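Everything below concerns the one structure shown next.
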Amino acid sequence: MDKCVAYQIVIPLSERRTILSFMHDAKVSGHLGISKTISKIRQSFYWPGLRNDVQSYVTGCDICARRKAPNKTKWAPMQTTQIGYPMELIATDILGELPETHLGNKYILVVSDYFTKWTEAFPMPNMEAHTVASIIVNEVICRFGVPNVIHSDQGRQYESKLFNEVCKLLQINKTRTSSYHPQSDGMVERFNKTLVTMISAFVSVNHRDWDEQIPYVMMAYRATEHESTGFNPNKLLGRESSTPLDIIYEMPSSWEYVPQNDWAWVLKERMERAHAAVRDYAEGSTCRQKRYYDMKLSYETFKEGDAVYVFFPQKKIGCSSKLTSFWRGPFKVLKRISEVLYKVDYGSEQVIHCDRMKVCKTQTLRGESVQESDERDNESSSVAQECEDVETSTKELETVENLVPP
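Residue numbering for the sequence shown is 1 to 406, as defined by the UniProt record's numbering.
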């Protein structure tokens with residue numbers, strides 16, 4: 001059987017970029033991946049180091065980097081926070097928009113204490129800064145005291161001047177999550193899912209009475225042992241709540257009789273023992289959760305001055321998400337703040353989680369310097385921009401000619 005012989009043109013190294021540009025960047029090439037680009041080039045051309053050059057060219061392509069997601073999902077190490085006493089750190093978030101109720105409520109403000117896991121949920125008609133600040137001050141701070149830290153996302157109501165002035169007046173340290181990274185406020189985000197599940201079991205068919213169910217489901221939640229502490233939130237704040245079953249079956253009180261003059265000391269000792277147990281239990285629970293979470297790490301580290309692309313899950317109105325490039329850049333890394341947080345300059349300085357970043361690779365071929373590659377990239381960008389401007393001007397001229405009467 002005769003073998004099929006294919007002839008290839010061996011090209012000089014100086015012509016590599018021309019071939020790569022036509023085989024990858026042109027419309028008839030479609031910005032395909034490394035394997036398909038190599039296969040297409042090998043049909044007609046060859047040069048030493050072809051595979052490495054194609055890999056460098058494709059991975060450094062700006063259009064591909066903006067449009068295509070990394071092969072592996074980003075998974076950075078879990079960051080933990082150790083809390084030592086109640087109301088040291090509280091977290092808040094807004095759940096909604098939900099169907100408007102008979103009382104005019106459409107949102108739920110959730111506030112949770114990191115130490116005791118005591119959580120409050122308040123229905124709201126809107127999520128304006130004044131409404132949020134009023135509820136937190138009147139319903140949380142006035143009842144439980146001033147917290148050291150309030151943690152929230154970057155919602156406008158939490159970033160407003162009003163809310164920051166309240167925090168400054170009460171000497172509260174205000175912290176926030178990194179943008180587009182809800183895991184930074186994971187405790188409240190996870191509770192939101194639990195709250196919606198509980199309310200959905202009792203809400204009416206038309207979903208207009210969900211705000212009336214909140215006090216009852218919150219009572220149930222606070223009377224249930226939390227996995228992270230080993231206690232229910234009621235006990236950590238000083239008193240177990242009675243349930244209808246306790247009354248029906250006349251359950252004996254868990255508090256033994258103590259003379260009145262010794263009551264305060266006994267209560268103090270019990271609270272101290274409970275809080276010490278929570279600190280020990282929570283530390284072990286946190287280590288266990290981190291160990292399981294970190295079993296599938298996949299993330300990049302960056303250094304100051306690196307060029308990176310940043311993921312923005314936004315699309316323009318009227319555009320399809322399937323055709324939108326969600327990666328923007330390249331931007332410059334200004335500073336490494338922690339193991340997973342970086343300060344990036346993209347018009348303004350912002351703190352970005354590394355799960356939303358990927359390195360910007362250069363199209364440096366074998367035997368080229370980085371400076372030469374950058375100069376060629378800049379020339380290509382200038383030529384492409386000039387061609388685009390010429391095409392736009394031509395279309396505008398044709399439009400004007402069509403408007404002129406014969």
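Glycine included, every Cβ here is placed at the ideal spot set by N, Cα and C.
As the structure is a prediction and not an experimental result, all values here were calculated from the model.
- In this structure, the straight-line span from the alpha carbon of ASN173 to that of ASN148 is close to 6 Å.
- Around the Cβ of PHE202, a 10 Å sphere holds fewer than 16 other Cβ atoms; the residue is exposed.
- Taking ILE34 as reference, the option from SER44, ASP53, THR18 with the minimal CA-CA separation is ASP53.
- The straight-line gap separating the alpha-carbon atoms of GLY49 and GLN314 is approximately 39 Å.
- For CYS167 and SER325, the gap between their C-alpha atoms comes out near 38 Å.
- For the set THR37, SER204, PHE163, ALA276, the Cα lying nearest the Cα of HIS102 is the one of SER204.
- For PRO12, there is no enclosing alpha helix (DSSP H), since its DSSP letter is neither H nor E.
- For ILE317, no pairing in a beta bridge is given by DSSP.
- Taking all protein chains shown into account, ILE19 has 16 or more neighbouring C-beta atoms within 10 Å of its C-beta and is therefore buried.
- For the pair of segments examined, the stretch 51–68 was found not to touch the stretch 124–132: the number of CB pairs separated by less than 8 Å stays below three.
- Note on ALA6: under 16 other CB atoms within 10 angstroms of its CB, so exposed under the neighbour-count rule.
- For MET295, the number of other beta carbons within 10 angstroms of its own is below 16, and it is reported as exposed.
- Three or more Cβ pairs drawn from the stretch 302–310 and the stretch 335–343 lie within less than 8 Å of each other, which places the two stretches in contact.
- Sequence-distant partners of TRP210 (beyond 5 residues in either direction) whose C-beta falls short of 7 Å from its own C-beta, in its chain, are LEU98, THR101, ILE199, VAL203.
- ASN206 counts as exposed, since fewer than 16 other beta carbons sit within 10 angstroms of its beta carbon.
- Within the DSSP secondary-structure output, PRO123 pairs in a beta bridge with ILE108.
- DSSP places SER39 inside the alpha helix (DSSP H), whose first and last residues are 34–42.
- The three-state secondary structure of ASP153, taken from DSSP, is coil.
- Under DSSP, ALA91 takes part in a beta bridge, and its partners are SER112, HIS151.
- Around the beta carbon of TYR107, a 10 Å sphere encloses 16 or more other beta carbons of the protein chains shown; the residue is thus reported as buried.
- LEU109 has its alpha-carbon roughly 5 Å from the corresponding atom of ILE94.
- Separation of GLN213 and GLU189 (C-alpha to C-alpha, rounded to the nearest whole angstrom) is 20 Å.
- Per DSSP, the beta bridge partners of HIS353 are LEU341.
- Judged by beta-carbon spacing, TYR299 lies within the 8 Å limit of CYS354, meaning their Cβ atoms are closer than that value.
- GLN183 and ARG208 have their C-alpha atoms some 30 Å from each other.
- By the neighbour-count criterion, in which a residue is buried when 16 or more other Cβ atoms sit within 10 angstroms of its Cβ, ARG356 is buried.
- In the DSSP assignment, the residues bridged to LYS332 are ALA307, ASP345.
- The beta carbons of HIS226 and PRO215 sit no closer together than 8 Å.
- According to the DSSP secondary-structure assignment, TYR46 is paired through a beta bridge with VAL10.
- DSSP places ARG190 inside the alpha helix (DSSP H), whose first and last residues are 186–200.
- Annotation: the continuous alpha helix (DSSP H) that includes LYS235 extends over 233–236.
- Taken through DSSP and simplified to helix, strand or coil, ARG67 comes out as helix.
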